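Participant:
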Amino acid sequence: MRLTAIIFRGAQGLRRDTRGGVALIFAICLVPLVGIMGMAVDYAQASRLQAKLQSALDAAAVAASSRAAGKTGDQIRADALAFFAAQFNDPKVGTPPVTAVVTNSTLALRSTFEMPASFLPVIGINTVSVTAAAQTAWGITRLRVALALDNTGSMSSSGKMAALKTATLNLIEQLRGNARNDGDVLVSIVPFAKVVNVGNAHRNASWINWNDATVCNWRGVCSVSWEGAIQDRDQNFDISNAAPTGASSRFPALASGSTGGTPTEIQPLTSNWGQLRSTIARMSPAGNTNQGIGLAWAWQTLTEGLPMNAPPEDPGYTYRRVIILLSDGMNTESRFFNRASQIDARQRLMCDAIKAAGITIYTIQVNTAGDPTSTVLQYCASTADKFTMMTNPAQLDSTMQDIGGQLTRLRLTN
Numbered sequence: 002m003r004l005t006a007i008i009f010r011g012a013q014g015l016r017r018d019t020r021g022g023v024a025l026i027f028a029i030c031l032v033p034l035v036g037i038m039g040m041a042v043d044y045a046q047a048s049r050l051q052a053k054l055q056s057a058l059d060a061a062a063v064a065a066s067s068r069a070a071g072k073t074g075d076q077i078r079a080d081a082l083a084f085f086a087a088q089f090n091d092p093k094v095g096t097p098p099v100t101a102v103v104t105n106s107t108l109a110l111r112s113t114f115e116m117p118a119s120f121l122p123v124i125g126i127n128t129v130s131v132t133a134a135a136q137t138a139w140g141i142t143r144l145r146v147a148l149a150l151d152n153t154g155s156m157s158s159s160g161k162m163a164a165l166k167t168a169t170l171n172l173i174e175q176l177r178g179n180a181r182n183d184g185d186v187l188v189s190i191v192p193f194a195k196v197v198n199v200g201n202a203h204r205n206a207s208w209i210n211w212n213d214a215t216v217c218n219w220r221g222v223c224s225v226s227w228e229g230a231i232q233d234r235d236q237n238f239d240i241s242n243a244a245p246t247g248a249s250s251r252f253p254a255l256a257s258g259s260t261g262g263t264p265t266e267i268q269p270l271t272s273n274w275g276q277l278r279s280t281i282a283r284m285s286p287a288g289n290t291n292q293g294i295g296l297a298w299a300w301q302t303l304t305e306g307l308p309m310n311a312p313p314e315d316p317g318y319t320y321r322r323v324i325i326l327l328s329d330g331m332n333t334e335s336r337f338f339n340r341a342s343q344i345d346a347r348q349r350l351m352c353d354a355i356k357a358a359g360i361t362i363y364t365i366q367v368n369t370a371g372d373p374t375s376t377v378l379q380y381c382a383s384t385a386d387k388f389t390m391m392t393n394p395a396q397l398d399s400t401m402q403d404i405g406g407q408l409t410r411l412r413l414t415n
């Protein structure tokens, strides 16, 4: 028996009983009181369902949009409805209807349903309307991702280099799968040790600084052999992406035999996935750790103009520029220092400058040697949750996939 009927019958009985005057007044007052209390209960239930509906629409819109490459509007709509049905099924309302509209590179979802009220009928309200909407856009935000990857000698232990290659290859495939059009996602790879390798094809480039200090080894033996090794720029250009304009701002070359290990050549920004895979395959561990130079050249690959000549950004798009810096340990040697604290201090300044330029930094520490947590990698991460420390290289793949998921998650508007 409905609550309203019970109250009505009770009130009728009290009306017939002249002794129930006070009780009658109470019964009359009880109806609005129950209505007020019921309103709180029913609207709390409606609020819960609205939040659940919003979450399901958001998830469906993102999932369908991220798989929109090469699909027709009808296929994208079907995907969105299927994703929504899998996310939302409530015993009170079932799966409500959803309107899905695909326009150019935008997917809009909207759902409205009436929730049966439990207490509000006391005051004549039988249902509560619940509405939510979500919209995603793809092809509007473009990604430029620079991978600064530790290729130092210590990466040869504990299966770290093999794990790095596998994780990076999988990240590349993940990013490729979310590029609907040419230029949607560009990736660069910067293997680093104490130095980076720009390739000896640049030996006559105007931005390289050749001098006795860089082409002669510590014994004073000079060499014309050069594998492409570049070391830190003069201070304070070492923490800047300023274009080289004079000797002090050019990039110092370092002769073969003086590098302690020249890593694989840098791959500038590209959507040539085959070239990216080839660079990853050729990486090999050697040399000491200078995270700062890897970070500096990752920044250079995202910068228009010399030396890496990143493609100009199209004003019709919004760009997200990201650096992922991965290292297995502490800084050990740069052009200027061989103490971690001194190298870290320069690196912190560079990280400040990179973040000020609107670039997001993710950092990863693969700590298999029992080192302390890297405070400089923590500092360089754009936010606390963008630093990851692991002790098992097997965790690298899931970490990279998680970052890839964050990078390819499309801008969501409600």
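Using our numbering, the first residue of the sequence shown is number 2, and each one after it goes up by one. No residue lacks a Cβ here, since even glycine has one placed at the ideal position from N, Cα and C. Please read these numbers as outputs of a predicted model, since none were measured by experiment.
Between Arg145, Thr333, His203 and Leu170, which lies nearest to Ala254 when the distance is taken from Cα to Cα?
Facilitator: When only C-alpha atoms are compared, the closest one is His203.
Participant: Have a look at Ala194, Ala230, Phe193 and Val197 and flag the residue whose alpha-carbon is nearest the alpha-carbon of Trp211.
Facilitator: Trp211 has its Cα closest to that of Ala230, out of Ala194, Ala230, Phe193 and Val197.
Participant: Within this structure, are the beta carbons of Asn339 and Thr290 separated by less than 7 Å?
Facilitator: Their beta carbons are not under 7 Å apart, which means Asn339 does not touch Thr290 by this criterion.
Participant: Hey, could you find the ends of the beta strand (DSSP E) Val129 is sitting in?
Facilitator: Taken as a continuous stretch (DSSP letters only), the beta strand (DSSP E) holding Val129 covers Thr128 to Ala138.
Participant: So, Thr103 versus Gly125, is the Cβ gap smaller than 7 Å?
Facilitator: What sits at residue 103 in the sequence shown is Val, not Thr. Going by C-beta atoms, Val103 is not nearer than 7 Å to Gly125.
Participant: Could you name the residues of the same chain whose beta carbon sits closer than 8 Å to that of Leu277, not counting the 5 residues immediately before and after it, in chain order?
Facilitator: So the qualifying residues of the chain are Ile173, Val188, Ile190, Gln268 and Thr271.
Participant: So, helix, strand or coil for Pro141, using DSSP?
Facilitator: The sequence shown places Ile at residue 141, rather than the Pro named in the question. Coil.
Participant: Assuming Phe193 is part of the beta strand (DSSP E), what are its boundary residues?
Facilitator: Note, Phe193: beta strand (DSSP E), Val186 to Phe193.
Participant: Tell me the DSSP secondary structure of Ser115 in three-state form.
Facilitator: According to the sequence provided, residue 115 is Glu. The question's Ser does not apply to it. Glu115 falls in the strand class under three-state DSSP.
Participant: What residue does the beta strand (DSSP E) around Met391 start on, and which one ends it?
Facilitator: Met391 -> beta strand (DSSP E) spans Phe388 to Met391.
Participant: At 3 residues or longer, what runs of the beta strand (DSSP E) sit wholly inside the stretch 314 to 367?
Facilitator: Within the stretch 314 to 367, the complete beta strand (DSSP E) runs of at least 3 residues are 319 to 328 and 361 to 367.
Participant: Find out if the Cβ-Cβ distance for the pair Ala118, Gln88 is shorter than 7 Å.
Facilitator: No. Outside cutoff.
Participant: Given a threshold of 16 other Cβ atoms within 10 Å of its Cβ, counted over all protein chains shown, does Lys161 qualify as buried or as exposed?
Facilitator: By the neighbour-count rule (16 or more Cβ atoms within 10 Å), Lys161 is buried.
Participant: Note down the Cα distance separating Ala1 from Thr376, rounded to an integer number of angstroms.
Facilitator: Residue 1 lies beyond the residue range present for the chain, which begins at 2 and ends at 415; the question has no answer from this structure.
Participant: Please return the same chain residues whose Cβ sits closer than 6 Å to the Cβ of Cys381, not counting the five positions on each side in sequence.
Facilitator: The answer, listed in chain order, is Cys352, Ile362 and Thr364.
Participant: Ala147: buried (16+ other C-beta within 10 angstroms of its C-beta) or exposed?
Facilitator: Burial call: buried.
Participant: Reducing DSSP to helix, strand and coil, say where Ile294 ends up.
Facilitator: Note: Ile294 maps to helix in three-state DSSP.
Participant: Determine contact between the stretch 93 to 107 and the stretch 134 to 142, defined as no fewer than three beta-carbon pairs at a distance below 8 Å.
Facilitator: Touching, per the Cβ criterion.
Participant: Identify, in the order they occur along the chain, each residue of the same chain with its Cβ nearer than 7 Å to the Cβ of Leu350, setting aside the five sequence neighbours on each side.
Facilitator: Result list for Leu350: Ile240, in chain order.
Participant: Cα-Cα, which of Glu334, Ile294 and Ser342 is closest to Leu326?
Facilitator: Ranking the options by Cα distance to Leu326, first place goes to Ile294.
Participant: So which of Gly371, Met116, Val197 and Ala134 has the shortest CA-CA distance to Pro286?
Facilitator: For Pro286, the nearest C-alpha among the options comes from Val197.
Participant: Excluding the 5 residues preceding and the 5 following Gln301 in the sequence, name in chain order all residues of the same chain whose CB lies nearer than 7 Å to its CB.
Facilitator: Same-chain partners within the cutoff: Asn242, Pro308 and Met309.
Participant: Quick one: residues in its chain with C-beta nearer than 6 Å to the C-beta of Thr113, no 5 flanking neighbours on either side, listed in chain order?
Facilitator: Closer than 6 Å at the Cβ level, and outside the excluded window around Thr113, lie Thr132.
Participant: Rounding to the nearest angstrom, what Cα-Cα distance links Ser257 and Gln348 in this structure?
Facilitator: When rounded, the distance between both Cα atoms is 25 Å.
Participant: Ordered along the chain, which non-local residues of its own chain (more than five positions away) have a Cβ less than 6 Å from that of Gln175?
Facilitator: Within the same chain, Gln175 has close Cβ partners Gly405.
Participant: Identify, in the order they occur along the chain, each residue of the same chain with its Cβ nearer than 6 Å to the Cβ of Gly261, setting aside the five sequence neighbours on each side.
Facilitator: Closer than 6 Å at the Cβ level, and outside the excluded window around Gly261, lie Lys195, Gly288 and Asn289.
Participant: According to DSSP, is Asn198 helix, strand or coil?
Facilitator: Looking at Asn198 - three-state DSSP - the assignment turns out to be strand.
Participant: Is Ala149 near Ala299, with beta carbons less than 7 Å apart?
Facilitator: Yes, the pair counts as a contact, with Cβ atoms nearer than the cut-off.
Participant: On the DSSP bridge assignment, give the partners of Asn210 in chain order.
Facilitator: For Asn210, which the question treats as bridged, DSSP gives the partners Pro253.
Participant: CB-CB under 7 Å to Asp372, same chain, minus the five flanking residues each way: which ones, in chain order?
Facilitator: Taken in chain order, the residues that qualify are Gly330 and Met331.
Participant: Could you check what DSSP says for Pro269 in three-state terms: helix, strand or coil?
Facilitator: It is a strand residue.
Participant: Determine the contact status of Gln396 and Phe388, defining contact as a CB-CB distance below 7 Å.
Facilitator: Cβ distance not < 7 Å, so Gln396 and Phe388 don't count as in contact.
Participant: Closer than 6 Å by C-beta to Ala134: which residues in its own chain qualify, once you throw out the five before and the five after it? Chain order, please.
Facilitator: Taken in chain order, the residues that qualify are Arg111.
Participant: Just verifying my parser: in three-state terms, what is the DSSP assignment at Ala64?
Facilitator: It is helical.
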